[in-house]
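Report on the following structure.
Here's what the structure looks like:
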């Protein structure tokens with residue numbers, strides 16, 4: 005699908021970055037600041053003489069890498085907690101759902117920003133903050149799926165066969181239940197990219213000189229009227245990446261629900 | 472179950488949630504690595520200043536009594552004192568709240584104004600070109616960083632074309648409408664994806680319903696059909712979708728306020744983060760949390776009021 009094409013192109017460019025551009029994204033060249041796009045520098049240079057195009061590529065590597073990794077922890081945590089809540093029900097369920105309500109009560113960004121502030125800026129804090137805040141959606145989805153799935157016959161058969169709860173959950177329920185979570189994960193990656201970029205824009209995320217789309221946008225702010233490409237291009241990169249990932253997510257969702265649209 | 476019982480039940484469930492919100496907010500200070508007082512004061516960390524903070528926050532006491540102190544103050548409306556401004560956090564928050572509430576309401580209205588027609592266009596002819604075009608819009612919006620859009624709107628419409636003030640809240644009602652248009656638009660665009668999607672889905676549902684077929688058979692002309700029947704039934708879900716996503720809405724205002732320097736609670740929070748003014752950050756997080764919980768409650772109640780099936784299904 006179109007999404008796969010877009011993401012494929014993006015990923016290829018990012019991985020092949022060292023081959024495409026000969027510039028080191030961190031090298032400053034104060035003799036060549038704020039150049040317009042040219043044959044030498046495809047997207048021009050920024051205020052410290054760094055090549056914009058290579059910063060874009062390397063920044064993309066950083067942002068996407070972090071986003072993809074950052075999705076895994078909430079996914080794992082949320083799936084486990086959601087399964088436990090859905091399968092066992094009772095007070096375990098109530099406890100976990102109350103926890104969900106509490107975390108959900110805070111606006112996503114507010115909590116992330118506050119957490120990163122408290123933990124200190126940087127990559128590790130991003131992972132921790134996103135995990136602590138992001139697990140709830142997965143928990144809800146998985147719990148919902150399990151509530152339905154556990155009434156199926158194969159589960160009753162496994163239970164009467166004397167299999168332990170853990171085994172039933174892990175080997176029988178989970179594979180059938182995980183598709184919804186995976187679909188959600190696609191849109192979650194987009195949200196994580198946005199969060200990372202926003203944090204970096206505020207100076208709370210990826211620290212300079214590591215290239216990153218958010219810092220590029222923030223750096224380019226001062227030159228918006230003269231060199232708008234410094235701020236616009238990284239933002240466009242985020243939008244296009246988001247579009248590609250969302251399309252993939254939608255495509256997956258359509259695949260999993262035959263006959264509906 | 473009647474409506475009031477439903478409301479009481481929801482209120483009851485509210486209590487542990489609110490308590491939880493306070494616990495998390497209280498606990499944030501303990502996530503700070505090292506001695507919170509020293510870390511927060513940074514270069515101003517004289518032994519005397521550290522000791523004062525220790526005493527004020529009760530950091531030398533056991534955890535439970537710290538929480539008790541925190542809650543005791545909270546109940547009396549005391550959220551602590553700002554390290555930067557020296558005034559009470561609650562007074563800071565109350566003075567900044569109007570701008571934020573303005574922004575939220577304005578954005579919600581703009582969001583509905585944009586989403587409803589688009590969703591109608593999409594739903595009116597499913598899978599046609601216009602449907603696909605409208606469906607792409609949310610996908611673009613989902614991936615768009617709010618602050619980036621804010622910067623672009625600001626540069627183009629405020630700086631370049633001078634249609635709107637670049638920053639600020641404005642004075643007077645019309646001043647607010649004018650100054651806050653771009654910020655509200657930015658937040659609304661961030662909202663649209665979700666609202667358009669669910670509106671379109673619920674409109675498609677309604678369009679397939681029996682009463683619509685009946686109306687068509689009766690010969691009700693299409694536009695009238697749409698407005699009187701489909702729209703009415705579809706707007707309710709739109710409002711509730713907005714309500715459910717209020718957390719997202721409020722979060723969006725934080726960044727947008729900073730870009731447009733609108734003197735709201737979000738701007739206060741971001742500035743306080745950079746000024747390392749922890750009591751304010753904590754206070755704002757708490758206020759946001761409680762706001763979201765309250766709005767969710769209102770949304771639930773509104774939904775139950777407007778859609779009787781919700782109450783009786785329980």
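Chains as they are written, first to last, in my numbering: chain C, 5 to 265; chain P, 472 to 785.
Just so it is clear, CB atoms sit at the ideal spot from N, CA and C, and this is done for glycine as well.
Predicted, not measured: the structure shown is a model, and the values here were computed from it.
Here residue 748/P carries a coil assignment [DSSP, helix/strand/coil]. Sequence-distant Cβ neighbours of residue 771/P in its own chain, meaning closer than 6 Å and more than five residues away, are 481. Rounded to the nearest angstrom, the gap between the Cα atoms of residue 723/P and residue 113/C is 7 Å. For residue 55/C, the beta-bridge partners assigned by DSSP are 49/C. When rounded, the separation of the alpha-carbon atoms in residue 233/C and residue 626/P is 13 Å.
Secondary structure at residue 204/C: helix, using DSSP grouped into helix, strand and coil. If you check each beta-carbon in the segment 549 to 560 of chain P against every beta-carbon of chain C, none falls closer than 9 Å. Collapsing the DSSP output to three states places residue 559/P in a strand.
For residue 232/C, no alpha helix (DSSP H) encloses it, and the DSSP letter there is neither H nor E. Judged by DSSP in its simplified three-state form, residue 183/C adopts helix. For the pair of segments examined, the segment 78 to 89 of chain C was found to touch the segment 141 to 150 of chain C: the number of CB pairs separated by less than 8 Å reaches three.
For residue 528/P, the closest alpha carbon among the candidates 499/P, 513/P, 713/P is that of 499/P. Non-local C-beta neighbours of residue 208/C in its own chain, meaning closer than 7 Å and more than five positions away in sequence, comprise 117, 120, 121, 125, ordered along the chain. Beta-bridge partners of residue 552/P (DSSP): 559/P. Residue 156/C carries a coil assignment under DSSP once its states are collapsed to helix, strand and coil. When C-beta distances to chain C are compared with 7 Å, the residues of the segment 488 to 512 of chain P below that value are 488, 491, 492, 495, 499, 502, 503, 504, in chain order. For residue 615/P, a Cβ of chain C is located within less than 8 Å of the residue's own Cβ. When C-alpha distances from residue 87/C are compared across 69/C, 72/C, 110/C, 185/C, the shortest belongs to 185/C. Using a CB distance cut-off of 8 Å, residue 589/P does not count as an interface residue toward chain C. Of all alpha-carbon atoms in 492/P, 555/P, 508/P, the one lying nearest the alpha-carbon of residue 520/P is that of 508/P. Positions of the alpha helix (DSSP H) runs, each at least 4 residues long and wholly inside the segment 110 to 173 of chain C, are given as 112 to 123, 127 to 153, 157 to 164 in order along the chain. Rounded to the nearest angstrom, the gap between the Cα atoms of residue 550/P and residue 540/P is 11 Å. Using a Cβ-Cβ cut-off of 9 Å, residue 653/P is close to nothing in chain C; its nearest Cβ partner there is about 14 Å away. For residue 109/C, the neighbours in chain P by C-beta distance under 7 Å run, in chain order, 488, 492, 760, 763, 764.
The residue from 631/P, 566/P, 583/P, 679/P with its alpha-carbon nearest to that of residue 658/P is 583/P.
Rounded to the nearest angstrom, the gap between the Cα atoms of residue 680/P and residue 590/P is 17 Å. If you check the CB distance, residue 616/P and residue 239/C come in under 8 Å. Using beta-carbon distances, residue 679/P does not count as an interface residue toward chain C, since no partner is under 8 Å. Taking a 10 Å sphere around the C-beta of residue 40/C, we find fewer than 16 other C-beta atoms and assign the residue as exposed. Residue nearest to residue 183/C within the set 256/C, 77/C, 74/C is 256/C (criterion: CA-CA distance). In the three-state DSSP reduction, residue 101/C falls in the helix class (H, G or I). Excluding sequence positions up to five before and after residue 675/P, its CB lies within less than 6 Å of the CB of 594, all in the same chain and listed in chain order. Taken in chain order, the members of the segment 743 to 756 of chain P whose beta-carbon sits within less than 7 Å of a beta-carbon on chain C are 744, 752, 756. Proximity of residue 735/P to chain C, defined by a Cβ-Cβ separation below 8 Å, is not satisfied. Using a Cβ-Cβ distance cut-off of 8 Å, the segment 730 to 741 of chain P and the segment 632 to 645 of chain P are in contact, since at least three pairs of beta carbons, one from each stretch, lie closer than that value. Counting every other CB atom within 10 Å of its CB across the protein chains shown gives residue 91/C a total of 16 or more, marking it as buried.
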